[in-house]
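Written below as structure tokens is the structure these notes are about.
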Amino acid sequence: MGGGGFTVADHTAALDEFVLELTGKPKPKICFLPTASGDQRDQAMRFHERFGSWPCEPSILWLFHLGRDQLNPVEHLLAQDAIYVGGGSMRNMLAIWREHGVDDAMRTAWESGAVLAGPSAGAMCWFEGGISVSGGTPQPVEGLGLLGGSLSVHMDSEPERLPAYRDAVARGELPPGYAADDGAGLLFEGAELLECVASRQGARVVKVTPGGPGGVSETELPVRLLPGADRLQAEHEDSYAVSELRALRAGRHRWD
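Following this note's numbering, the residues of the sequence shown are numbered contiguously, the last one being 1260.
Dropping the structure here:
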């Protein structure tokens, strides 16, 4: 997801419902990792608010509190039908994952058929790389490489990312890939892109490849609007504006 899902207040649940639907299970086990935000409790609270009343078995893996929870992170992840990764600093998240063997566990879970999902850092991490602002300015950052290519997120809400992404692809610092708006998602089966979906009308996904007058060529991909999606662009913009204002008032920031 380029952005969205339960981590954005007052937003449609269409993307999150889609994650559960993809498992094909009547009551799937779904685990949320808020590692990228430093195990922020606000994200965890929103996860329980969204998934707690749905037909699923939700859990949270707190990598900063393993001593307290006495949980084996690898065993827990491999028992899940869906793994949902939150946004934050992709750099920091992947460093912590490697310390606990979570990076290898994610690959094993993926190869076993688990659904891997997430917005922002939780989307870019599956690719060979993405554009992170956790260092202060938009910069290329290496991902897990489960999926070939690269991904840049928040194309509409953080427009400074796209020029950095174009430059990185043009210079060969990142492989060709995709840029996604908030509310847009890319569905892969294995390493193959099946379709692009969205939780609101107007959300875009763009394929970015080297070449062209500006160093890259861009092609907008077809996007399927999910059931229950927002169909009015204005309503979407108002929703995100309100949620971002609330986040700022609460002292929360987005780092990925």
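All residues carry an ideal CB built from backbone N, CA and C; glycine is no exception.
Cα separation between residue i and residue j?
| i | j | result |
| --- | --- | --- |
| residue 1175 | residue 1215 | 10 Å |
| residue 1310 | residue 1217 | This structure does not reach residue 1310, given that the chain is present from 1005 up to 1260, and the question cannot be answered. |
| residue 1242 | residue 1025 | For residue 1242, the predicted structure reports a pLDDT of 47, less than 50, and the residue's modelled location is therefore unreliable. A value from the coordinates is still provided. Those two C-alpha atoms are separated by around 28 Å. |
| residue 1189 | residue 1020 | 11 Å |
| residue 1030 | residue 1059 | 7 Å |
| residue 1220 | residue 1158 | 19 Å |
| residue 1171 | residue 1028 | 40 Å |
| residue 1204 | residue 1233 | 5 Å |
| residue 1222 | residue 1160 | 15 Å |
| residue 1238 | residue 1008 | Note that residue 1238 has pLDDT 40, beneath the 50 cutoff, so the model's placement of it is unreliable and no number is given. |
| residue 1199 | residue 1235 | 19 Å |
| residue 1149 | residue 1135 | 14 Å |
| residue 1197 | residue 1065 | 28 Å |
| residue 1099 | residue 1145 | 12 Å |
| residue 1138 | residue 1116 | 31 Å |
| residue 1130 | residue 1140 | 22 Å |
| residue 1147 | residue 1097 | 10 Å |
| residue 1191 | residue 1101 | 23 Å |
| residue 951 | residue 1052 | The requested residue 951 is not part of the displayed model; the chain covers only 1005 to 1260. |
| residue 1111 | residue 1179 | 20 Å |
| residue 1005 | residue 1103 | 26 Å |
| residue 1035 | residue 1078 | 12 Å |
| residue 1041 | residue 1076 | 21 Å |
| residue 1166 | residue 1193 | 26 Å |
Evaluate residue i with the Cβ neighbour count: other Cβ atoms within 10 Å of its Cβ, from every protein chain shown; 16 or more gives buried, anything less gives exposed.
| i | result |
| --- | --- |
| residue 1037 | buried |
| residue 1108 | exposed |
| residue 1074 | exposed |
| residue 1011 | buried |
| residue 1121 | buried |
| residue 1162 | buried |
| residue 1231 | exposed |
| residue 1022 | buried |
| residue 1258 | Bear in mind that a pLDDT of 49 at residue 1258, under 50, signals an unreliable position, so the model cannot answer this. |
Are the CB atoms of residue i and residue j nearer to each other than 8 Å?
| i | j | result |
| --- | --- | --- |
| residue 1142 | residue 1164 | yes |
| residue 1207 | residue 1185 | yes |
| residue 1069 | residue 1043 | yes |
| residue 1201 | residue 1228 | yes |
| residue 1181 | residue 1212 | yes |
| residue 1062 | residue 1056 | yes |
| residue 1067 | residue 1039 | yes |
Contact defined as beta carbons within less than 8 Å: I believe residue i pairs with residue j. What is the distance between those atoms, to the nearest angstrom?
| i | j | result |
| --- | --- | --- |
| residue 1156 | residue 1183 | 4 Å |
| residue 1054 | residue 1113 | Not quite, the Cβ-Cβ distance comes to about 21 Å (not below 8 Å), so this is no contact. |
| residue 1132 | residue 1153 | 6 Å |
| residue 1151 | residue 1195 | 6 Å |
Problem - Contact between the segment 1079 to 1093 and the segment 1120 to 1132 (3+ Cβ pairs under 8 Å) - result: yes
Practice task
Taking 8 Å as the threshold, find out whether the segment 1074 to 1087 comes into contact with the segment 1046 to 1053 through three or more Cβ pairs.
Solution key: no
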